[in-house]
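Enquirer: Take this structure first; my questions come after.
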């Protein structure tokens, strides 16, 4: 505690009742990037503490679900899979969906889980949901490599365009995730009801996405409408580009991408509007 | 003011205080209430942040506070509980926003409202240093640079790679304070983080605080501990009920503060409790069940004693106690371990408020309370003799025909249960 770390700069911070948007908001998130990193890292580090299987759960969870789906929806219910082997058909959907649903839940309750921190310290509040999303991304990458491994086993080659489509689809997924979870996290910290509604919402969205069935069961004219659920475009895109189930649904993905930006905008605007009273209602 | 680093201008903050719920008084009403509950709840949660009507239920935690702080100044902020000190610090450190008014800050501001925020029990000491430092707003490179110093200051070198859930509470606090002490913002705001740890460690912390104060950094220091404020701060603010009552040299502000506290002696006192014992008492107050502060109670009006205390270190066999005297004669002793045996063996450090319902009814007269703490059968560590006094009077009941007004030790209305008998 000898001397200040930096010479006093001439920057002024203004604290008023109703702050406006500014670039300073972005700069601040950047200044707190180490916190973002350490919070995400903590999330990964402690998630499987005191478990016997440890990090293997990352892979086991989607694998077990995939097996159940293959047996019940595939072999027994004979839901069509657009020609793909059932294990691949389900796993290709469960990898992005598992990340989306898992990260959505933990990011949405991240503010509620850290009310103590919010009441005692200043930091850009958005760091908390973002850290949860980043923390779960590691799991996603591992599950994704298992998917590639499975494709190798099944002798399934992805289309060469996958190298462009997959990052783009992941971007749509993450955009939706950020928008949706910052919105929900801000809502949940004040109206706690939504944490219970969240479970139902996720369940509903699972049936509204092409996970246990392919989008091709829907009549052609509803496909674009279906794309309004961003996860529909993402999952259908995953299957098309990795498993070659259909031609790439570009139009549907475009609708999903647009929708994900709308979700992001709504989420950020709402978060910014209410983040200032988090410490008062937490 | 050209060299000001903090300019506070007409700052106000309001809160909605809990709206009390009326109890349902019939089954039908209870059902109706149950169905109405979601709407009522929505209204209540909504009203936490929306202030459409300027009705009652609004508490002004701060009202029109203005002041400026110059670069390098060490400013103390004192006032009793609920005066607005913490709210002011929370606004200045941007944890919450003001309702009205503004603050302008220059440079990087850091606040310490408590130590160890974000500590995770599963992570090791070293990992928690990084996590906690990053949450405070330190860069990783800064933490790297002071890592050895942090570990050494905390004195936990041997356990640095052990999960902190295996730490004793003392080690935990020392590590947490050590990270905080190496936090170097240009403007530092501190809220009573000193009231933790054992006596020796607190002394070192205080030394550290003195260094900061003398280093030319701008420091805002909120405390109940008048002694510490007196040695550290050049200038001091006195807050009362959200308003800035006085702003001037520390000695003058403290004088004003003590005068103000003396004016309603009896109902509430902030005792001068030694700070190097295992426990210290910060505040004692008497109130009615409705929360009204008073020092005069009716015979049948229950008096509640509130005791705010801090447990600084875990000791075995420690107890807190009170002795009640009526007109100089001891009539009652009570230990907080009387009904809670576990406390004898386990008393985690932290800040507490005990609420004690004094016996009721009490015979009218003058009562004095002595608070003490110590190790059972061994030593009395802290004793605050006759620290709080109150009166019991019988005005609101017409007692002329009752037994209570007669000379006796107890007020105890006895039921004379009578049944007809026919034993000739």
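Residue numbers (this note's numbering), protein chains in the order written: chain C, 2 to 283; chain L, 75 to 498. Every residue gets a Cβ at the ideal spot worked out from N, C-alpha and C, and that includes glycine. Note that this is a predicted model, so its numbers are computed, not measured.
1. Are there 16 or more other CB atoms within 10 angstroms of the CB of residue 401 of chain L, so buried, or fewer, so exposed?
2. Can you name the residues of chain C whose CB is closer than 7 Å to the CB of residue 208 of chain L?
3. For a cutoff of 8 Å on Cβ pairs, would you count residue 277 of chain C as touching chain L?
4. What are the boundary residues of the beta strand (DSSP E) that includes residue 443 of chain L?
5. Would you mind telling me which residues of chain C sit closer than 8 Å to residue 185 of chain L, beta carbon to beta carbon, in chain order?
6. Closest by CA to residue 304 of chain L, which one among L:386, L:148 and L:226?
7. Spatial neighbours of residue 289 of chain L within its chain, please: C-beta separation below 7 Å, excluding the five flanking residues on both sides.
8. Run through the DSSP bridge pairs and tell me what residue 15 of chain C is partnered with.
9. Taking C-beta to C-beta, are residue 225 of chain L and residue 234 of chain L nearer than 8 Å?
10. Is there a Cβ from chain C that is less than 8 Å from the Cβ of residue 174 of chain L?
11. Within the continuous beta strand (DSSP E) that includes residue 245 of chain L, where are the two ends?
12. I believe residue 99 of chain C touches residue 51 of chain C by the beta-carbon criterion, under 8 Å. Please report the beta-carbon distance rounded to the nearest angstrom.
13. Using the rule of at least 16 other Cβ atoms within 10 Å of the residue's Cβ for burial, across every protein chain shown, is residue 438 of chain L buried or exposed?
14. Do residue 228 of chain C and residue 253 of chain C count as a contact pair if the criterion is CB distance below 8 Å?
15. Across the stretch 68-87 of chain C and the stretch 211-218 of chain C, are there enough close Cβ pairs to call them in contact, namely three or more that are closer than 8 Å?
16. Under 8 Å between the Cβ atoms of residue 197 of chain L and residue 230 of chain L?
17. In three-state DSSP terms, what is residue 154 of chain L?
18. With a cut-off of 8 Å, does the C-beta of residue 241 of chain L fall near any C-beta of chain C?
19. Three-state secondary structure (DSSP) at residue 3 of chain C?
20. Just how far apart, CA to CA, sit residue 158 of chain L and residue 457 of chain L?
21. Could you tell me whether any Cβ in chain L is nearer than 8 Å to the Cβ of residue 16 of chain C?
22. Spatial neighbours of residue 72 of chain C within its chain, please: C-beta separation below 6 Å, excluding the five flanking residues on both sides.
23. Based on Cα-Cα distance, which residue from C:258, C:221 and C:40 lies nearest to residue 124 of chain C?
24. For residue 393 of chain L, write down the residues that DSSP places opposite it in a beta bridge.
25. Okay, do the stretch 191-203 of chain C and the stretch 100-117 of chain C touch, 3+ Cβ pairs below 8 Å being the bar?
26. Compare the C-beta of residue 118 of chain C against all C-beta atoms of chain L and say whether one is closer than 8 Å.
27. Roughly how many angstroms separate the alpha carbons of residue 147 of chain C and residue 67 of chain C, rounded to a whole number?
28. Would you say residue 204 of chain L lies against chain C (beta-carbon separation less than 8 Å)?
29. Whose C-beta lies closer than 6 Å to the C-beta of residue 336 of chain L among residues of the same chain, with five residues either side of it excluded?
30. What are the residues that DSSP puts in a beta bridge with residue 406 of chain L?
31. Would residue 84 of chain L pass as a contact of residue 175 of chain L if the rule is Cβ separation under 8 Å?
32. Please look up how many angstroms separate the CB atoms of residue 191 of chain L and residue 118 of chain C, rounded, as I've assumed it's under 8 Å.
33. I'd like to confirm the pairing. Which residues does DSSP put opposite residue 133 of chain L in its beta bridges?
34. Along the alpha helix (DSSP H) that carries residue 237 of chain C, what are the first and last residues, could you check?
35. Indicate whether at least one CB of chain L lies closer than 8 Å to the CB of residue 192 of chain C.
36. Are the stretch 473-493 of chain L and the stretch 425-440 of chain L touching, with three or more C-beta to C-beta distances below 8 Å?
Expert: With the given structure in hand:
1. With fewer than 16 other Cβ atoms within 10 Å, it is exposed.
2. 35, 36 and 39, listed in chain order.
3. Residue-level contact check: residue 277 of chain C touches chain L, since one or more beta carbons of chain L fall below 8 Å from its beta carbon.
4. Unbroken beta strand (DSSP E) run through residue 443 of chain L: 439-449.
5. Contacts between residue 185 of chain L and chain C, judged by CB atoms closer than 8 Å, involve 122 and 123 in chain order.
6. Of the residues L:386, L:148 and L:226, the one whose Cα lies closest to the Cα of residue 304 of chain L is L:148.
7. Counting only Cβ-Cβ distances below 7 Å, and skipping sequence neighbours, we find nothing.
8. Answer is L:178, bridged to residue 15 of chain C.
9. Yes, these two residues count as a Cβ contact at 8 Å.
10. Chain C contact via Cβ: present.
11. Run containing residue 245 of chain L: none in the beta strand (DSSP E); it sits in the alpha helix (DSSP H), 243-255.
12. Going by Cβ atoms, the distance from residue 99 of chain C to residue 51 of chain C rounds to 22 Å, so no, they are not a contact pair.
13. It counts as buried.
14. Yes, the Cβ-Cβ distance between residue 253 of chain C and residue 228 of chain C is below 8 Å.
15. Touching, yes, given that three or more Cβ pairs across the two stretches are closer than 8 Å.
16. No. Outside cutoff.
17. Correct three-state label for residue 154 of chain L: coil.
18. Taking Cβ atoms only, chain C never reaches closer than 8 Å to residue 241 of chain L, which makes this a no.
19. Because residue 3 of chain C sits at a pLDDT of 39, beneath the cut-off of 50, its placement in the model cannot be relied upon, and the following sentence gives the value as read from the coordinates. Per DSSP, reduced to three states, the secondary structure at residue 3 of chain C is coil, with no helix or strand assignment.
20. The straight-line gap from Cα to Cα measures roughly 30 Å.
21. So, interface residue.
22. Closer than 6 Å at the Cβ level, and outside the excluded window around residue 72 of chain C, lies no residue.
23. Of the candidates C:258, C:221 and C:40, the residue whose Cα lies closest to the Cα of residue 124 of chain C is C:40.
24. Residue pairing by DSSP places residue 393 of chain L opposite L:448 in a beta bridge.
25. The answer is yes - the stretch 100-117 of chain C touches the stretch 191-203 of chain C, with three or more Cβ pairs under 8 Å.
26. Yes, residue 118 of chain C counts as interfacial toward chain L.
27. Spanning the two alpha carbons is a distance of roughly 12 Å.
28. Cβ-Cβ to chain C under 8 Å: yes for residue 204 of chain L.
29. With a pLDDT of 47 at residue 336 of chain L, under the threshold of 50, the predicted position of this residue should be treated as unreliable, though the coordinate-derived value follows. There are no such residues.
30. Partner(s): L:398.
31. Yes, they are a contact pair.
32. Cβ atoms of residue 191 of chain L and residue 118 of chain C come within 8 Å of each other, at about 6 Å.
33. DSSP output for residue 133 of chain L lists L:89 as bridge partner(s).
34. Taken as a continuous stretch (DSSP letters only), the alpha helix (DSSP H) holding residue 237 of chain C covers 231-244.
35. Yes, residue 192 of chain C counts as interfacial toward chain L.
36. Verdict: yes, contact present.
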